[in-house]
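What follows is a single structure, written as C-alpha cells, with notes after it.
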Amino acid sequence: MKGLYWQQSSSAEETCFVFLEKDNLPVMREDYVKVQVKACALSQIDAKLLSEIKMEKEFLPVGREIAGVVLETGNKVSSFQPHDEVVGILPLDSEESGLCEHILVHEHYLVHKPEKVPWLESAGIIRDGVRAYTALHYLSYVSPGKTVLVMDGASPFGTIAIQLAHHRGAKVISTVYSQEDKQYLERFTPSVAHIIDESDGKYDLTESCLEETGGLGVDIILDAGVKLYNRENETTSEQLLPHKHDIITLLSVGGHWVTMEKNLQLDPPDSHCLFLKGATVSFLNDEVWNLSNMQQGKYLCILEDVMEKLSSGVFRPHLDEPVPLYEAKVSMEMVQKNQARKRQVVQL
Numbered sequence: 001m002k003g004l005y006w007q008q009s010s011s012a013e014e015t016c017f018v019f020l021e022k023d024n025l026p027v028m029r030e031d032y033v034k035v036q037v038k039a040c041a042l043s044q045i046d047a048k049l050l051s052e053i054k055m056e057k058e059f060l061p062v063g064r065e066i067a068g069v070v071l072e073t074g075n076k077v078s079s080f081q082p083h084d085e086v087v088g089i090l091p092l093d094s095e096e097s098g099l100c101e102h103i104l105v106h107e108h109y110l111v112h113k114p115e116k117v118p119w120l121e122s123a124g125i126i127r128d129g130v131r132a133y134t135a136l137h138y139l140s141y142v143s144p145g146k147t148v149l150v151m152d153g154a155s156p157f158g159t160i161a162i163q164l165a166h167h168r169g170a171k172v173i174s175t176v177y178s179q180e181d182k183q184y185l186e187r188f189t190p191s192v193a194h195i196i197d198e199s200d201g202k203y204d205l206t207e208s209c210l211e212e213t214g215g216l217g218v219d220i221i222l223d224a225g226v227k228l229y230n231r232e233n234e235t236t237s238e239q240l241l242p243h244k245h246d247i248i249t250l251l252s253v254g255g256h257w258v259t260m261e262k263n264l265q266l267d268p269p270d271s272h273c274l275f276l277k278g279a280t281v282s283f284l285n286d287e288v289w290n291l292s293n294m295q296q297g298k299y300l301c302i303l304e305d306v307m308e309k310l311s312s313g314v315f316r317p318h319l320d321e322p323v324p325l326y327e328a329k330v331s332m333e334m335v336q337k338n339q340a341r342k343r344q345v346v347q348l
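Letter by letter, the sequence shown follows residues 1 to 348 of the UniProt record's numbering.
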C-alpha cells in the first residue's frame with residue numbers, strides 16, 4: 001500500500017515528505033473496520049507534540065482526516081456495516097497514512113457520513129469542526145447575545161468558528177489581513193457583524209472592538225497566535241498579530257480568551273488585569289480528545305454534530321480545489337509551512 005509519510009530529520013527546520021510502499025494491511029482486528037479512503041485532508045504536523053509523546057519514528061504517516069466507505073468489519077464492531085459511508089480523524093499513534101487506498105481504523109474514531117455530503121467537504125471540515133466546538137463549547141460558553149471576536153476569520157478554522165458562533169446567536173467580529181479575505185467574509189453577511197481589515201493599518205483593533213461593543217469589551221476571543229513582545233525584524237505575518245496586552249484590554253468582565261499560542265507568557269500586570277475582570281485564559285489543543293480517551297462519548301458527539309451541521313448547510317468549509325494524489329507531497333509542504341490559505345483535501 002502506497003502512502004505519504006514525513007521523514008524526520010536531525011534538523012527541526014527541515015521537512016521531507018516521501019511516498020512509501022508499505023506491505024499489505026495488518027490482520028483485521030475484532031474492533032476495527034477496513035475503510036476504502038475517498039478523501040483525505042492535510043493538516044500541519046506538530047513535531048514538538050509528537051516528540052513529547054515519544055513518537056520519534058523515522059517515518060510518520062501523513063493525512064489523518066479521512067472519509068470513505070466501510071469494506072469490512074471486525075467481529076466486535078457494532079456501529080458500522082459494510083458499505084457504510086464514514087468520516088473521522090485517525091489517532092496520533094496511527095501507523096498508516098490516510099493517503100492509502102485502504103486503511104484499518106478502530107470504530108471509535110469514526111462516525112457516519114450523511115449520504116448527501118460530498119467526500120471532500122466531510123474530510124475537509126472534520127478537524128476545523130472539532131477545533132471550533134472545543135473552543136466555543138468546552139473552553140468557553142457561546143450563547144445568544146454574547147460577542148465573539150475571531151482572529152483571521154477567513155482561515156479554514158476561522159470560517160467554521162464564525163459560522164458556529166453565529167448559529168448559536170452570538171454577535172461575531174472578525175479580523176482579516178487582505179482584501180481577498182475581506183471579500184470572502186463579506187459573502188458571509190449577516191454571519192459577521194463587523195469586519196476589521198488590518199492589512200492597510202488604518203484600523204486599530206482595540207478601538208474598533210470597544211467601539212463595536214459600546215466600551216464593554218468582547219465576551220469570547222479566539223486568536224490565531226499573539227505577539228508576546230515587540231522585536232525587530234518581524235515578518236509580515238508576525239506584524240499583523242495582536243499583542244497580548246491588546247487581547248486582554250479587549251476582554252469583557254467574565255470574558256474568555258481561547259488561545260492557540262503554545263508559549264504564552266503572562267506578566268504580573270497581565271494577570272492582575274485578568275483577575276480584575278474575572279476573565280479566563282484557555283489553551284486550544286484539539287488533540288486533547290485523542291490524547292485521552294476519558295471523554296470518547298463527547299468526542300463522537302462532536303463529530304456527529306459537525307456532520308449534521310454540514311449536511312443542513314450551517315457549515316460551509318473553506319476548501320481549495322481537490323488535490324490529486326500525485327500532488328499531495330507539494331500540497332503538504334505548503335500546509336506544513338503555513339502557506340495554504342484554504343483547506344487542502346486530497347481526492348483518492
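Every residue gets a Cβ at the ideal spot worked out from N, C-alpha and C, and that includes glycine.
Local conformation of residue i per DSSP, three classes
{"i": "Gln336", "result": "helix"}
{"i": "Val330", "result": "helix"}
{"i": "Ser78", "result": "coil"}
{"i": "residue 359", "result": "What the structure shows of the chain is the stretch from 1 to 348, and residue 359 is not part of that stretch, so it cannot be assessed."}
{"i": "Ile247", "result": "helix"}
{"i": "residue 350", "result": "Absent from the model: residue 350. The displayed extent of the chain is 1 to 348, so no value can be given."}
{"i": "Val288", "result": "helix"}
{"i": "Tyr299", "result": "helix"}
{"i": "Ala193", "result": "coil"}
{"i": "Gly254", "result": "strand"}
{"i": "Gly3", "result": "strand"}
{"i": "Gln347", "result": "strand"}
{"i": "Val130", "result": "helix"}
{"i": "Asp219", "result": "strand"}
{"i": "Ser10", "result": "Any reading at Ser10 needs caution, since the residue's pLDDT is 46, under 50, leaving its predicted position unreliable; the model's value is listed next. In this structure, Ser10 counts as coil in the three-state DSSP scheme."}
{"i": "Leu240", "result": "helix"}
{"i": "Val306", "result": "helix"}
{"i": "Thr213", "result": "coil"}
{"i": "Tyr141", "result": "coil"}
{"i": "Ala39", "result": "strand"}
{"i": "Leu205", "result": "helix"}
{"i": "Leu60", "result": "strand"}
{"i": "Leu136", "result": "helix"}
{"i": "Lys262", "result": "coil"}
{"i": "Lys34", "result": "strand"}
{"i": "Leu92", "result": "coil"}
{"i": "Lys342", "result": "coil"}
Bounding residues of the beta strand (DSSP E) (the contiguous stretch that carries residue i)
{"i": "Thr73", "result": "Glu65 to Thr73"}
{"i": "Ile89", "result": "Glu85 to Ile89"}
{"i": "Pro156", "result": "Element bounds for Pro156: not the beta strand (DSSP E) but the alpha helix (DSSP H), Pro156 to His167."}
{"i": "Thr175", "result": "Lys171 to Val176"}
{"i": "Cys16", "result": "Cys16 to Glu21"}
{"i": "Leu104", "result": "His102 to His106"}
{"i": "Pro114", "result": "Here Pro114 belongs to no beta strand (DSSP E), and DSSP marks it neither H nor E."}
{"i": "Val150", "result": "Thr147 to Val150"}
Exposed unless 16 or more other CB atoms sit within 10 angstroms - verdict on residue i
{"i": "Pro82", "result": "exposed"}
{"i": "Pro317", "result": "buried"}
{"i": "Phe275", "result": "exposed"}
{"i": "Leu20", "result": "exposed"}
{"i": "Ser140", "result": "buried"}
{"i": "Ser10", "result": "Any reading at Ser10 must be qualified, since the residue scores a pLDDT of 46, below 50, and its modelled position is unreliable; no value is offered."}
{"i": "Tyr177", "result": "buried"}
{"i": "Thr189", "result": "exposed"}
{"i": "Ser155", "result": "buried"}
{"i": "Ile45", "result": "buried"}
{"i": "Met307", "result": "buried"}
{"i": "Ser133", "result": "Just to set this straight, residue 133 is Tyr in the shown sequence, not Ser. Buried: at least 16 other Cβ atoms inside 10 Å."}
{"i": "Ser97", "result": "buried"}
{"i": "Tyr5", "result": "buried"}
{"i": "Gln295", "result": "exposed"}
{"i": "Gly255", "result": "buried"}
{"i": "Val27", "result": "exposed"}
{"i": "Cys301", "result": "exposed"}
{"i": "Tyr299", "result": "buried"}
{"i": "Ile160", "result": "buried"}
{"i": "Arg343", "result": "buried"}
{"i": "Thr64", "result": "Thr is not the amino acid found at residue 64; the sequence shown has Arg there. It counts as buried."}
{"i": "Lys182", "result": "buried"}
{"i": "residue 352", "result": "Only positions 1 to 348 of the chain appear in this structure, which leaves residue 352 out of reach."}
Cβ-heavy atom distance, residue i to the ligand ATP, below 7 Å
{"i": "Arg127", "result": "Among the components of this structure there are no ligands whatsoever, and the ligand ATP is therefore not found."}
Below-8 Å beta-carbon distance, residue i vs any chain B residue
{"i": "His102", "result": "This model lacks chain B altogether; it includes just one protein chain."}
Run of the alpha helix (DSSP H) containing residue i, from where it starts to where it stops
{"i": "Ser282", "result": "Here Ser282 belongs to no alpha helix (DSSP H); instead the beta strand (DSSP E) covers Thr280 to Phe283."}
{"i": "Ile53", "result": "Unbroken run through Ile53: none, as it is neither H nor E."}
{"i": "Leu185", "result": "Gln179 to Glu186"}
Margin query: With three or more beta-carbon pairs closer than 8 Å as the criterion, would you say the segment 30–44 touches the segment 104–111?
Written below: yes
Notebook entry, point to check: So, do the segment 161–175 and the segment 326–342 have three or more beta carbon pairs nearer to each other than 8 Å?
Noted result: no
Margin query: For the structure I just gave you, are there three or more beta carbon pairs, one from the segment 277–287 and one from the segment 246–264, closer than 8 Å?
Written below: yes
Notebook entry, point to check: Are there three or more Cβ pairs, one per stretch, closer than 8 Å when the segment 220–229 is compared with the segment 145–152?
Noted result: yes
Notebook entry, point to check: Do the segment 55–73 and the segment 34–45 make contact, defined as three or more Cβ pairs closer than 8 Å?
Noted result: Contact holds: three or more Cβ-Cβ distances are below 8 Å.
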